[in-house]
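What follows is a set of notes on a single structure, which appears directly below.
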Amino acid sequence: MKHTISVLVENEFGVLARVSGLFSGRGFNIESLSVAPTLDPDTSRMTIVTRGDDRILEQINKQLNKLISTIKVVDFTGEHYVERELALIKVTAESDSRAEVLRIVDIFRGKVVDVTPRSFTIEVTGAPDKIDAVLELLTPMGIKEIVRSGPVVIGRGSKGVTG
């Protein structure tokens, strides 16, 4: 089962290494990890996506809470939250396929952020399922490169890391 965990930590040297070491040292895989400062420059927020059963998730939560730099851990699994991801996709855009690529980009409310005579670089944001869907449609056109941010989440209503 997929789990999305948000961790509020002190923004200090080595925190990311300690968190990733916690996962690898116990044989847990991180599918995606996003880290950035919050409104308070002394704290950062990590969004971690991992897979495992409830027992594994319980271990992860306990271990994260034991870290001195951890302020709060919130598991969004089964909760209502807003999830977004960013993807940059470089796709072949020869003269015969340019119009079709632009139609797909428009349907998914993406943006063309770079153009060359033989390719477009597209920016798409949204839920991971949306990113997967646009990739599926662009694959026959010839995807050259993909960069994905991994999801970031925020709780709906009062549920959240700072709430």
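The sequence shown begins at 1 in this note's numbering and counts up one residue at a time. Where is the CB? At the ideal position from N, CA and C, for every residue including glycine.
What is the residue span of the alpha helix (DSSP H) that residue i lies within?
{"i": "GLY52", "result": "Taken as a continuous stretch (DSSP letters only), GLY52 belongs to no alpha helix (DSSP H), as it is neither H nor E."}
Quick check on this structure: which residue in the options has the alpha carbon closest to the alpha carbon of residue i?
{"i": "GLU123", "options": "GLY157, VAL15 and ARG84", "result": "ARG84"}
{"i": "GLU10", "options": "PHE23, GLY25 and ALA36", "result": "ALA36"}
{"i": "PHE76", "options": "PRO151, SER149, GLY150 and THR4", "result": "THR4"}
{"i": "GLY142", "options": "LYS130, GLU100 and ARG109", "result": "GLU100"}
Cutting at 7 angstroms between CB atoms, please list the residues of its own chain near residue i, excluding the five before and the five after it.
{"i": "LYS144", "result": "LYS90, VAL91, THR92 and SER119"}
{"i": "ARG156", "result": "HIS80, TYR81 and VAL82"}
{"i": "VAL152", "result": "SER34, THR47 and ARG84"}
{"i": "SER32", "result": "VAL49, GLY150 and PRO151"}
Check the C-beta distance from residue i over to residue j and give it rounded, since I have them as a contact under 8 angstroms.
{"i": "ILE104", "j": "LEU135", "result": "That pair is no contact at about 10 angstroms."}
Counting along the chain, where does the beta strand (DSSP E) carrying residue i start and finish?
{"i": "ALA87", "result": "81-92"}
{"i": "GLY21", "result": "Run containing GLY21: none in the beta strand (DSSP E); it sits in the alpha helix (DSSP H), 15-25."}
{"i": "ASP40", "result": "From DSSP, ASP40 is part of no beta strand (DSSP E); its letter is neither H nor E."}
Report all residues from its chain with a CB closer than 6 angstroms to the CB of residue i; omit the five preceding and five following residues, and keep chain order.
{"i": "LYS2", "result": "ARG51"}
For residue i, which residues of its own chain have a beta-carbon under 8 angstroms away from its beta-carbon, when the five flanking residues on both sides are left out?
{"i": "THR43", "result": "LEU8, VAL9, GLU10, ASN11, PRO37 and ILE71"}
Count Cβ pairs between the region 56-68 and the region 18-28 that sit closer than 8 angstroms; are there 3 or more?
The count of Cβ pairs closer than 8 angstroms, one atom from the region 56-68 and one from the region 18-28, reaches three, so the stretches are in contact.
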